[in-house]
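Chains as they are written, first to last, in the working numbering: chain V, 29 to 489; chain R, 29 to 489.
Scroll down for the structure; my scribbles are underneath it.
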């Protein structure tokens, strides 16, 4: 895939057959050579990382099976790693946690090695990557353009071949938009499958931990390692017993009507038509559906009352007007404090109805193919218009968590010589269908089913 | 059961072996003789009811299997019946729906006959039965005492032997408290199992349609008829494939610590100890648990931000200050309009955490036995203190829907010569375990499992 669709835009990953110690040394050399200091908020001391890598090499040499042995990880800095500060891209917010987030701890148990904490749109509020006092994160292949956000640093670290796995979060599309801009895979699993213990909430009911990788199989493996129930997370969910494990041999895929695609810039519009044609050519049955209900729901994330969740998360902190607050983020969060309680109830009800309508609209389909985002703006353009462009970028991603859907973002054929990303969107718990469909589109092996099927261990009765 | 525990307080049901027409005639005679006009807001014209009964008799005579043939139903007047006004106990709110609520339509399809629309605490806000301009509903066996509410009329119609099935709703305990005061069965199924299409919301996320009956088997049958997916209800849920169908042979039952029972008046306190002893004597293993987390969660229904749901439902209407508004209800609902959006998010989060904690606390138990309510006040006492007594009455019922639990209320041995009610509380979808445990306690047949197991028909994929 990287050779055909996004290869020119990515630095090839560090070879996986090298010892972990050697991979770490190469990563630090690439980090220095890349000269992208804004990618990181905290880089771990290389000596201690090398010691950790040596220990993993020793365990592998002793015959231990570590599925992610030596895989290098960039962790978005709204996710806790014990001993490293969590800033959420606001210096005054920083604290140093004693415990590592459950999802990251599972990656490390599987042999993964954390390189450091990556920059983000402050408090994970944004899809651009410029809303950070630690610097606007520049696109890996064109420093004039935005990286996408809010998981900006994690995506660029993977695109630059420094990290194998970029861990992000996704509320509005933060784990998918940066994937689209770089030709990466971005997996946003069903809400609750990957625990959010140790993750700073953006919108606590709609936050996911996500994976960026250059290869689908690795992204799938990393998600598989992170999935599983967690008693400390009240939103933790388990696979239902009847979860589908793959798409049928002739999948039926929904695509939007032309009028639903008006937000796309012309090059993206043409590229999406190509992606749909490629999908049909690959043996899928493709049918058009009216996605206006999804697009309406998407607008409720920022323009409705649901934004009150952002005030619940960090509003009190931002009310103190810290110097490092990003002005755009701060305005969004503080305005959210004025939302009325009954309006929250009303919008939650509207979302439930939209979810039911979406389920009926997509009944009989195996997935919905959408463009991931609408355009790839420059940093200057976003600085000149920090809200409207950001809102447009979320046109096709915002509804996903609100309506309890899962999505896999992956590269399609380039648009005007630049990466172009699409998403396979599926209902909750159909994650493996989306991964299977993405693999077929990319001509890759589907990989193993995600683990964790079965019964929760802590139910009452 | 009615003979031993609640018999003296109930008028025996109209014999079921009589033709439906004869049952209807007896019901109207009993209605007149009872002289409790406040029980009903709308009574159907007896001529049309008799025609409907005759049609059912003819279908039964022709061999049709109608599980509820000739069963007479009182419908709480916040639930639509086509052609009859829905008032929610506020005359200015009245409208006449064209469609019957899904739950009632299913009862009628099964041969049930609606007698009329029953009084309630206005907008289903209250546990007392006195908050209605159509009159305070008096307890069936002592007109000085409250009936309980908000499903007041439906419960009294069943206790007086007029209706076989009383249909109520339950948000805070409205389908259980009146059962306790009358020695009735009150079944509050898991949220979403019985559709709420055609039901006026009280708190739209926490409303259930419930059944009162004198016999557990009939209550179970009526619930079974009403359960099932409904595309028009976005909160409709289906049984998971692994739903438990009965309790084990030696059930393990949790009961509260003495300090969790301080809200009980002394007679109720003694009666609850007797109920626990009876449960142990019946072969259950009984263990004490700390239910303070449940009691804390209960207080969030009215004293926290969740009450914003009541403003969403009818706040705009009550803002117009209609003359028929009950002052206590109106004050609660209009105050709820001032709740802040982020406070709703915070309290919803607190409830999710309380739900997770409850699940862990009750892990390994088949059910939790609780007193249904704390005391049986007089109408005069409630009029003198309309909020505090009502709040106390909900001590043990309020948390149930908030924490996604199901409950079956049933009579235990009397307290100081008056009915005393207990509840078997279980997690979502363990309804059949609760019914099974109640049947064992009452020495009745457990009845058939509820129908509707299986896969939803309208899922996407």
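Just so you know, even glycine gets a beta-carbon here, dropped at the ideal spot from N, CA and C.
Note that the segment 356-376 of chain R touches the segment 328-348 of chain R; at least 3 beta-carbon pairs, one per stretch, sit closer than 8 Å. Apart from the 5 residues on each side of it in sequence, residue 261 of chain R sits with its Cβ closer than 8 Å to the Cβ of 130, 220, 223, 224, 225 in its chain, given in chain order. Restricted to the segment 126-195 of chain V, the beta strand (DSSP E) segments that are unbroken, complete and at least 3 residues in length are 141-146, listed in chain order. Interface annotation, residue 336 of chain V: in contact with chain R, CB-CB separation under 7 Å. DSSP assignment within the segment 322-390 of chain R yields the following whole alpha helix (DSSP H) runs of 4 residues or more, N-terminal first: 336-347, 355-364, 369-389. Distances from the alpha-carbon of residue 382 of chain V to those of V:118, V:67, V:318 put V:318 closest. Residue pairing for residue 241 of chain V: DSSP places it in a beta bridge opposite V:213. Residue pairing from DSSP places residue 114 of chain V in a beta bridge opposite V:123. The Cβ of residue 398 of chain R sits no closer than 7 Å to any Cβ of chain V. Judged by DSSP in its simplified three-state form, residue 252 of chain R adopts helix. In the three-state reduction of the DSSP assignment, residue 236 of chain V falls in the strand class.
With the rule of 3 Cβ pairs closer than 8 Å, the segment 161-172 of chain R does not count as touching the segment 89-96 of chain R. When 9 Å is used as the limit between beta carbons, residue 237 of chain V is near no residue of chain R, the shortest such separation being about 18 Å.
The straight-line gap separating the alpha-carbon atoms of residue 386 of chain R and residue 427 of chain R is approximately 11 Å. At a C-beta separation below 8 Å, residue 355 of chain R has no neighbours in chain V, since its nearest C-beta there lies roughly 21 Å away. Of all residues in the segment 216-242 of chain R, those with a C-beta nearer than 8 Å to a C-beta of chain V are 232, 233, reading in chain order. For residue 446 of chain V, there is no enclosing alpha helix (DSSP H); the residue is found in the beta strand (DSSP E) stretching over 446-455.
Between the segment 418-434 of chain R and the segment 385-402 of chain R, the count of C-beta pairs closer than 8 Å reaches three or more; the two stretches touch. Against residue 296 of chain R, chain V offers no close residue; the least beta-carbon distance is about 26 Å (beta-carbon pairs closer than 9 Å).
Here residue 295 of chain R carries a helix assignment [DSSP, helix/strand/coil]. Within chain R, the residues 262 have their CB atoms less than 9 Å from the CB of residue 383 of chain V, given in chain order.
Here the alpha carbons of residue 273 of chain V and residue 377 of chain R stand approximately 31 Å from one another.
With 16 or more neighbouring CB atoms inside 10 Å of its own CB, residue 418 of chain V falls in the buried class. Taking all protein chains shown into account, residue 361 of chain R has 16 or more neighbouring C-beta atoms within 10 Å of its C-beta and is therefore buried. Proximity of chain V to residue 259 of chain R at the Cβ level (cut-off 8 Å) is accounted for by 384, 388, in chain order. Listed by position along chain V, the residues whose Cβ is nearer than 7 Å to that of residue 273 of chain R form an empty set, because the closest Cβ is around 12 Å away. Its Cα nearest to that of residue 436 of chain V, the residue V:474 stands out among V:157, V:474, V:410. Just measuring C-alpha positions, the residue of R:62, R:199, R:394 sitting nearest residue 329 of chain R is R:199. DSSP places residue 407 of chain R in the helix class (H, G or I) of the three-state scheme. Taking each of V:205, V:215, V:97 in turn and checking the Cα distance to residue 239 of chain V, the smallest one comes out for V:215.
The straight-line gap separating the alpha-carbon atoms of residue 250 of chain R and residue 193 of chain R is approximately 8 Å. Contact check for residue 169 of chain V against residue 37 of chain V passes: the beta carbons are separated by less than 7 Å. By the CB criterion at 7 Å, residue 213 of chain V and residue 55 of chain V fall outside the cutoff. In the structure shown, residue 301 of chain R adopts helical secondary structure according to DSSP, grouped into three states.
Taking 8 Å as the upper bound on Cβ-Cβ separation, chain V lies near residues 454, 455 of the segment 429-457 of chain R.
At least 7 Å separates the CB of residue 321 of chain R from every CB of chain V.
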